[in-house]
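Okay, so the sequence shown: first residue is 0 according to numbering that gives the first Met the number 0, each after it adds one. Ideal placement from N, C-alpha and C gives every residue a C-beta, glycine not left out.
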Amino acid sequence: MTVTPSRAEGEDAVVRAGGRGGSGPGAGGRRGSGPEAGGAGRGVSSAAEGSPGERTSGEGHGTEARTGSPVAVPGARVAPSETAPPAEVAPPTRGFLAKATLVTAVLSIAGALLGLGRDQALAHLFGAGTETDAFLVAWTVPEVAATLLIEDGMAFVLVPAFSLAVARRARGTGADPVRALVASTLPRLALAFVAVAALLMAGAPYLVAALAPGLPDPALAVDCTRLTATCVLSFGLAGYCSAALRAHRRFLAPAAIYVAYNTGIITAMFVLGDRWGVRSAAVGVAVGGCLMVAAQAPSLARQLFGRRRSAPEPEAAADATTAAAQGPSPLDGPEVTKAPQATEVADSPAPSMKHSVELALIAPVLMFALCRQSQVLIERFLASTLPSGAISHLNYAQKVAQIPMTLSLMLCTVTFPVLAQALAEGDTERARTRVERDVAVASCMVLLGAAAVFACAPQIIQLLFQRGAFTAQDTAATATVMRVYSVGLLGHTLVGALVRTYFSAGRPTWYPLAAMAAGIVATSWIGAGTVDAWGVRGIAAANAIGITVTAALLLSGMGERRSVPIRTRRVVHELSKPVRAAVCAAVAGAFCASRVDSPELALAAGGLTVTVVYVLLLRVLGVKAVAPAFRTALRSVTRRLPHVRFR
0 MTVTPSRAEG EDAVVRAGGR GGSGPGAGGR RGSGPEAGGA GRGVSSAAEG
50 SPGERTSGEG HGTEARTGSP VAVPGARVAP SETAPPAEVA PPTRGFLAKA
100 TLVTAVLSIA GALLGLGRDQ ALAHLFGAGT ETDAFLVAWT VPEVAATLLI
150 EDGMAFVLVP AFSLAVARRA RGTGADPVRA LVASTLPRLA LAFVAVAALL
200 MAGAPYLVAA LAPGLPDPAL AVDCTRLTAT CVLSFGLAGY CSAALRAHRR
250 FLAPAAIYVA YNTGIITAMF VLGDRWGVRS AAVGVAVGGC LMVAAQAPSL
300 ARQLFGRRRS APEPEAAADA TTAAAQGPSP LDGPEVTKAP QATEVADSPA
350 PSMKHSVELA LIAPVLMFAL CRQSQVLIER FLASTLPSGA ISHLNYAQKV
400 AQIPMTLSLM LCTVTFPVLA QALAEGDTER ARTRVERDVA VASCMVLLGA
450 AAVFACAPQI IQLLFQRGAF TAQDTAATAT VMRVYSVGLL GHTLVGALVR
500 TYFSAGRPTW YPLAAMAAGI VATSWIGAGT VDAWGVRGIA AANAIGITVT
550 AALLLSGMGE RRSVPIRTRR VVHELSKPVR AAVCAAVAGA FCASRVDSPE
600 LALAAGGLTV TVVYVLLLRV LGVKAVAPAF RTALRSVTRR LPHVRFR
């Protein structure tokens with residue numbers, strides 16, 4: 000199976016704007032980078048130096064291909080040349096990435112809210128007991144499949160592969176490289192997904208026995224596992240579509256998949272719950288997976304078979320200068336720059352999509368994703384020996400606690416293609432700046448959420464779940480676990496942000512797997528040693544410590560040989576500031592929330608206190624990562640709102 004082009008082939012095939020010495024400060028805003036300055040700081044100035052999306056030309060042209068030929072970049076004055084390359088995908092501006100992040104944020108929040116609604120419906124209809132424990136063991140299958148096939152895993156392999164294919168397509172060479180990549184990979188992957196799904200269905204009894212040997216009702220878990228096993232095929236196809244669309248800079252459909260998924264589960268539970276019990280939730284998983292594919296298939300079909308644009312849109316043609324300054328819409332995809340017809344050269348045959356690294360590149364990615372997801376398997380294995388409802392308490396607490404992590408990591412989802420492109424071009428400085436800013440912004444965001452979760456955990460769980468079969472005792476147990484989970488949220492976010500850099504370089508590396516394995520060993524030993532004395536709290540503490548160990552190892556291992564050589568000491572020093580602010584904000588928020596009887600008012604008081612204290616301390620400590628990002632997003636949205644088109 001061939002899905003990821005080799006680094007050497009990519010360097011020969013892709014036309015670059017700027018050389019290896021491109022200026023790092025070109026990556027500005029929350030997620031993106033403007034056009035980089037070529038040579039020793041000459042040429043097109045960074046978008047970070049002006050308003051979002053602006054490009055200004057410097058004294059020299061500075062945007063050259065590796066051969067020295069000038070490349071047409073929007074906003075850059077390029078002298079006509081007999082050898083100008085025909086086309087290139089323009090580097091995304093920070094305004095583009097801010098709008099793309101906003102689109103992803105809105106739909107991610109909608110998906111997260113529907114996920115909460117799904118868990119609320121599960122708690123309301125079936126409580127926290129034997130039935131829900133059985134379903135949550137079967138829920139392990141879609142959780143692992145989502146990690147391997149959508150969120151991490153295959154995305155680390157497919158996004159760089161499609162990014163290179165899109166760049167080759169922009170050059171206007173003979174055969175369509177994107178279609179060639181799809182034709183060579185999709186049939187084989189689909190066949191593998193079908194085989195794995197069938198194997199899980201046949202081996203469901205053995206899988207349940209291995210995952211939860213102390214489960215009171217294993218037969219129910221087996222039935223649910225066979226239903227949820229269908230998601231291996233649907234999630235695999237959904238993840239494939241998401242990777243292809245993000246490489247084309249289409250973020251609307253990929254961000255909507257969890258809206259469709261959770262809608263299917265909620266609908267199935269309410270329609271079939273009275274007749275089929277908790278099995279209805281497993282049916283919903285199967286239906287929701289199909290909806291994830293259906294939400295993206297039309298958009299991907301347009302990218303593969305629709306008419307390619309070789310000229311600007313009508314409104315862009317009317318005012319080319321304004322369009323170039325504003326940058327492309329995140330819903331419209333990449334901006335393609337075409338050189339004048341008189342100076343175009345004959346198309347050369349597209350390079351082969353073959354590459355020299357196949358299993359050696361894919362194996363560490365999938366093994367890492369599987370190893371990371373094994374934290375959940377360890378938790379449920381240990382909790383299966385505790386009283387009924389322990390697995391459910393862990394599940395509800397984890398789902399709510401990880402919402403801040405999910406929202407903060409959507410920044411890295413948007414910039415992953417940008418990082419992959421920078422590394423493929425050999426622009427280490429731009430990649431380093433991108434990674435450091437992503438880590439700073441994502442950490443500030445997740446720590447605010449972690450402080451709020453810790454301060455207001457009892458009120459959040461009471462308002463979300465305490466109704467129907469979910470009792471006050473369930474609320475107290477779940478809130479305690481959620482507070483412990485919140486301690487590890489920074490570690491989860493750092494792992495999600497940093498591991499992308501290891502797998503974006505186009506060469507195999509086993510270091511992330513080794514770091515994750517060390518964290519898993521810590522989780523296993525600590526969990527096994529504390530489960531008898533502390534119960535579910537010990538399991539949650541083991542999770543938090545284990546993922547923090549992995550994050551520390553990934554951060555310390557960043558270097559040119561394995562990943563991107565970031566300034567580790569500087570990053571750690573900057574991270575210590577929001578950590579201190581979050582601890583103080585969490586304590587202050589918990590104190591204020593405990594002084595109010597009404598859960599609604601207590602949540603409002605605690606949340607407001609956390610936000611005010613956290614923001615003030617960030618200003619006092621001199622943290623500047625978040626404010627410019629939000630200003631960039633706001634300005635770019637207000638300036639470009641009339642130009643946004645939904646497709």
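How about residue i and residue j: are their beta carbons less than 8 Å apart?
{"i": "T427", "j": "V563", "result": "yes"}
{"i": "G368", "j": "L198", "result": "According to the sequence provided, residue 368 is Ala. The question's Gly does not apply to it. Contact flag unset, no."}
{"i": "A541", "j": "I525", "result": "yes"}
{"i": "I459", "j": "V417", "result": "no"}
{"i": "S391", "j": "L115", "result": "no"}
{"i": "Q401", "j": "G545", "result": "no"}
{"i": "S233", "j": "M291", "result": "yes"}
{"i": "R431", "j": "T414", "result": "no"}
{"i": "A242", "j": "A454", "result": "no"}
{"i": "G235", "j": "F192", "result": "yes"}
{"i": "Q397", "j": "Y257", "result": "no"}
{"i": "Y613", "j": "A450", "result": "yes"}
{"i": "A543", "j": "G490", "result": "yes"}
{"i": "G534", "j": "D132", "result": "no"}
{"i": "A201", "j": "V221", "result": "no"}
{"i": "L620", "j": "R568", "result": "no"}
Which of the three DSSP states is assigned to residue i in this structure?
{"i": "H247", "result": "coil"}
{"i": "L106", "result": "helix"}
{"i": "R41", "result": "The pLDDT assigned to R41 is 33, lower than 50, so where the model puts this residue is not dependable; a value taken from the coordinates is nonetheless given after this. In the structure shown, R41 sits in coil (DSSP, three-state: anything other than H, G, I, E or B)."}
{"i": "A255", "result": "coil"}
{"i": "T477", "result": "helix"}
{"i": "Q465", "result": "coil"}
{"i": "A78", "result": "Low per-residue confidence applies at A78: pLDDT is 39, beneath 50, and the placement is therefore not dependable, though the value from the model is reported in the following sentence. Of the three classes helix, strand and coil, the one that applies to A78 here is coil, per DSSP."}
{"i": "A71", "result": "With a pLDDT of only 34 at A71, under 50, the local geometry of the prediction cannot be trusted, and the value read off the model is given with reservation. Coil, per DSSP."}
{"i": "R170", "result": "coil"}
{"i": "V648", "result": "Only positions 0 to 646 of the chain appear in the structure, and residue 648 is not among them; the question remains open."}
{"i": "K353", "result": "For K353, the predicted model reports a pLDDT of 41, less than 50, meaning its position is unreliable; a value from the coordinates is still stated below. Coil, per DSSP."}
{"i": "Q401", "result": "coil"}
{"i": "A211", "result": "coil"}
{"i": "D426", "result": "coil"}
{"i": "S387", "result": "coil"}
{"i": "T470", "result": "coil"}
{"i": "T229", "result": "coil"}
{"i": "G116", "result": "helix"}
{"i": "D437", "result": "helix"}
{"i": "G263", "result": "helix"}
{"i": "P138", "result": "Checking the displayed sequence, the identity of residue 138 turns out to be Trp instead of Pro. Reduced to three states, the DSSP call for W138 is coil."}
{"i": "V277", "result": "coil"}
{"i": "D596", "result": "coil"}
{"i": "I459", "result": "helix"}
{"i": "D216", "result": "coil"}
Please go through the same chain and pick out, in chain order, the residues whose beta-carbon is closer than 7 Å to the beta-carbon of residue i, but skip the five residues on each side of it.
{"i": "P577", "result": "S442, C443, L446, L617 and V622"}
{"i": "R274", "result": "none"}
{"i": "V548", "result": "A517, G518 and A521"}
{"i": "L552", "result": "A514 and A517"}
{"i": "L303", "result": "V177, R178 and V181"}
{"i": "P212", "result": "S383"}
{"i": "A585", "result": "A450, F453, A454 and V609"}
{"i": "C591", "result": "A604, G605 and T608"}
Suppose the cutoff is 6 Å on Cβ atoms and the five residues either side in sequence are ignored; what does the same chain contact list for residue i look like?
{"i": "G287", "result": "Y260, G263 and I264"}
{"i": "T227", "result": "A137, V140, P141, A281 and V284"}
{"i": "Q295", "result": "C240 and A252"}
{"i": "A164", "result": "P176, V177 and L180"}
{"i": "C230", "result": "P141, A144, V284 and G288"}
{"i": "I565", "result": "R431, V434, E435 and M557"}
What do you reckon, is the C-beta of residue i under 7 Å from a heavy atom of the ligand MN?
{"i": "G588", "result": "Among the components modelled here there is no ligand, and therefore nothing to report on the ligand MN."}
Within its chain, find whatever has a CB closer than 8 Å to the CB of residue i; leave out the 5 residues flanking it on each side and keep chain order.
{"i": "V570", "result": "E435, V438, A439 and L554"}
{"i": "C370", "result": "L512, M515, A516 and I519"}
{"i": "T474", "result": "P457, I460, Q461, F464 and Q465"}
Would a check of beta-carbon distances place residue i closer than 8 Å to chain D?
{"i": "G467", "result": "The chain labelled as chain D is not found in the depicted structure, where only one protein chain is given."}
query = What are the uninterrupted segments assigned as alpha helix (DSSP H) that are 4 or more residues long and contained completely in the segment 482 to 558, given in chain order?
reply = Qualifying alpha helix (DSSP H) stretches, in chain order: 488 to 502, 510 to 533 and 535 to 555.
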